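Numbers given in the working numbering equal positions in the sequence shown, counted from 1, plus 45.
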Amino acid sequence: MTLKSLLLAYVVGGLTFIPLLGLVLGTFAYYAFTKQVAPVSTATATGDAASIRAAKTEDDVSEKSKEQQSDLDTAAAYFAVCREYVPGGINGKPPERSSPAGETLVAESPSVYQSMYRSIFERGKTQIPTIEADKRDGKALKKARNVFYVVLRHGHLMLYDDSDQLEVRHVVSLAHHDIDVYAGGDGVPEGELWIKRNCIRLTRKPLPGESAPASKPFHFFSDNCSEKEDFYHALLHTQASLLNDNPPPLPQKFETPHIIKL
46 MTLKSLLLAY
56 VVGGLTFIPL
66 LGLVLGTFAY
76 YAFTKQVAPV
86 STATATGDAA
96 SIRAAKTEDD
106 VSEKSKEQQS
116 DLDTAAAYFA
126 VCREYVPGGI
136 NGKPPERSSP
146 AGETLVAESP
156 SVYQSMYRSI
166 FERGKTQIPT
176 IEADKRDGKA
186 LKKARNVFYV
196 VLRHGHLMLY
206 DDSDQLEVRH
216 VVSLAHHDID
226 VYAGGDGVPE
236 GELWIKRNCI
246 RLTRKPLPGE
256 SAPASKPFHF
266 FSDNCSEKED
276 FYHALLHTQA
286 SLLNDNPPPL
296 PQKFETPHII
306 KL
């Protein structure tokens, strides 16, 4: 081999060695470190997206309907609750005036000893609300302890002492009572439905084969006429939903394959 041939082979080999080496390494890395991914069908992806959107829409609608149902079926307000009809709910008449018209009586401020005596000896004499009449000297007296915080919840009326709802004093089931506006037995004109002397009455439904005497109805009085009207309509709506024979809708459930594909 001549010197010219050696020089030509040296130059050509030097120019092509590095590109050839890079090509070999790149080919090896491509086949060694990459994996084939199966192509996803466009129709399948579109169908999954549509089903997810439909499920989300149904969930939103059901959530809104649950919120609306909760707003309609739940109500709360203060009421004077009596087992006998007493116009006004408490004492049956307005407080009597103890001084001539135009005069103002100034309440006497208690002394220090009176305040200490009351704080020591009258500490445990707090009255517990009750719906039964307080009978003294043969007369039934309705007092402010007949006032309850009434909450409509799950088809039942919960009677609490106050809005803190710490202890339930009584529970009334709407399914076992008839609801109406009562004015002492007289007819109620439409314009006087929600005056203060009228009340919401819950009368016990007679059960088949029941021989026990019928219990006294519940009378709910309130000075807030609009609040009493709203509470009455909430009672009717809840009772209608309890008497509905249609089964409740089934809740939507998540499908495991859909969760995996997220």
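Note that the Cβ used here is the ideal one computed from N, Cα and C, for glycine as well. Just so it is clear, the structure is predicted and the values come from calculations on it, not from any experiment.
For Y75, count neighbouring C-beta atoms within 10 Å of its own C-beta (all shown protein chains included) and say buried if the count is 16 or more, exposed if not.
-> The residue is exposed, with fewer than 16 neighbouring Cβ atoms inside 10 Å.
Give a yes or no on contact between the stretch 261-268 and the stretch 228-238, applying the rule of three or more CB pairs nearer than 8 Å.
-> In short, these stretches do not touch, since the Cβ pair count stays below three.
Would you tell me roughly how many angstroms separate the C-alpha atoms of K241 and L204, rounded to the nearest one?
-> K241 and L204: Cα-Cα distance of roughly 20 Å.
Between which two residues does the alpha helix (DSSP H) carrying F276 extend?
-> 270-287 is the span of the alpha helix (DSSP H), which, as asked, contains F276.
Is it right to say T283 is buried, meaning 16 or more other beta carbons lie within 10 angstroms of its own, or is it exposed?
-> Buried.
Take the Cβ of H303 as the centre, count every other Cβ of all protein chains shown within 10 Å, and call the residue buried at 16 or more, exposed below.
-> Exposed, because fewer than 16 other Cβ atoms sit within 10 Å of the Cβ of H303.
With DSSP collapsed to three states, give me the class of Y55.
-> Shown here, Y55 sits in a helix according to DSSP, grouped into three states.
Cα-Cα separation between A185 and P251, rounded to whole angstroms | Here A185 scores only 42 on pLDDT, less than 50, and its place in the model is too uncertain to base an answer on.
Where does A228 sit, in a helix, a strand or coil, going by DSSP?
-> Secondary structure at A228: coil, using DSSP grouped into helix, strand and coil.
Could you spell out where the alpha helix (DSSP H) holding T301 opens and where it closes?
-> Counted as a single uninterrupted DSSP element, the alpha helix (DSSP H) harbouring T301 occupies residues 301-306.
Straight-line CA distance for D207 to V233?
-> CA-to-CA, the gap between D207 and V233 works out to about 31 Å.
Could you check if I63 is buried or exposed, using at least 16 other CB atoms within 10 Å of its CB as the buried criterion?
-> It counts as exposed.
Quickly, what does DSSP pair Y123 with across the bridge? List them, please.
-> Partner(s): Y194.
Buried or exposed: where does L219 fall if 16 or more other Cβ atoms within 10 Å of its Cβ makes it buried?
-> Its Cβ being crowded by 16 or more others within 10 Å, L219 is buried.
Look up I240 in the DSSP assignment and say whether it is helix, strand or coil.
-> Coil at I240, not helix or strand.
From H278 to K298, what does the alpha carbon distance come to, in whole angstroms?
-> Distance between H278 and K298, taken at the CA atoms: about 34 Å.
Give me the Cα-Cα distance between R128 and P262, rounded to the nearest whole angstrom.
-> A straight line joining the alpha-carbon of R128 with that of P262 spans about 6 Å.
Roughly how many angstroms separate the alpha carbons of W239 and L281, rounded to a whole number?
-> Between the C-alpha atoms of W239 and L281 there is a straight-line separation of about 15 Å.
What is the DSSP secondary structure of L211, counted as helix, strand or coil?
-> Coil, per DSSP.
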